[in-house]
Amino acid sequence: MRVSQMLESGGGLPFAPMLDVIFLLLIFFMLITRYLPPSLSVTLPEASSAAVDDRPSVMISIDEDGMLAVDGVEYQWEALPRLFAGSDPETSVRIAADRGTDYELVVRAMDAAGQAGLTHIALETEPGAHAAGAGN
8 MRVSQMLESG
18 GGLPFAPMLD
28 VIFLLLIFFM
38 LITRYLPPSL
48 SVTLPEASSA
58 AVDDRPSVMI
68 SIDEDGMLAV
78 DGVEYQWEAL
88 PRLFAGSDPE
98 TSVRIAADRG
108 TDYELVVRAM
118 DAAGQAGLTH
128 IALETEPGAH
138 AAGAGN
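In short: position in the sequence shown from 1, add 7, done, that's my numbering.
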């Protein structure tokens, strides 16, 4: 009876506490989804063949500790965009990253090349077990 009297008198229902609960639930679900383990088991493919590229190329090497080398010369990460500036758009960028390298660093190198207009980017791989037995 009291709720109907409140509605009739124009007081309405207090929505502020409901909004607080909704925002708390929203924050809870946003935080909890970050900690869920990946639901898919992904096995990365092995390279079964190598493509030959006749373009001029730049080799980017990234070791397990995140050290960067371009064509055998070590550089700081901040210098990478300047190294690519003014490069021929047909230049091929080859990235050789150690197995223990964070993907973030590989993506960072790819982004630097892409921002300079270099679109021919390749990841160096080792021949897999399938490639070794392919000729037999």
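All C-beta atoms in this analysis are idealised placements derived from N, C-alpha and C, irrespective of residue type, glycine included.
All figures in this text were calculated on a predicted structure; none of them were measured in a lab.
For Arg101, same chain residues with a beta-carbon under 6 Å away, outside a window of 5 residues either side, are Ser64, Met66, Ala129, Glu131 in chain order. The three-state secondary structure of Ala119, taken from DSSP, is helix.
Sequence-distant Cβ neighbours of Pro96 in its own chain, meaning closer than 6 Å and more than five residues away, are Gly124. The DSSP-derived three-state label of Met74 is coil. Taking each of Asp70, Glu85, Met117, Arg62 in turn and checking the Cα distance to Thr98, the smallest one comes out for Arg62.
Ranked by Cα distance from Glu111, the first of Asp70, Phe35, Leu38 is Asp70.
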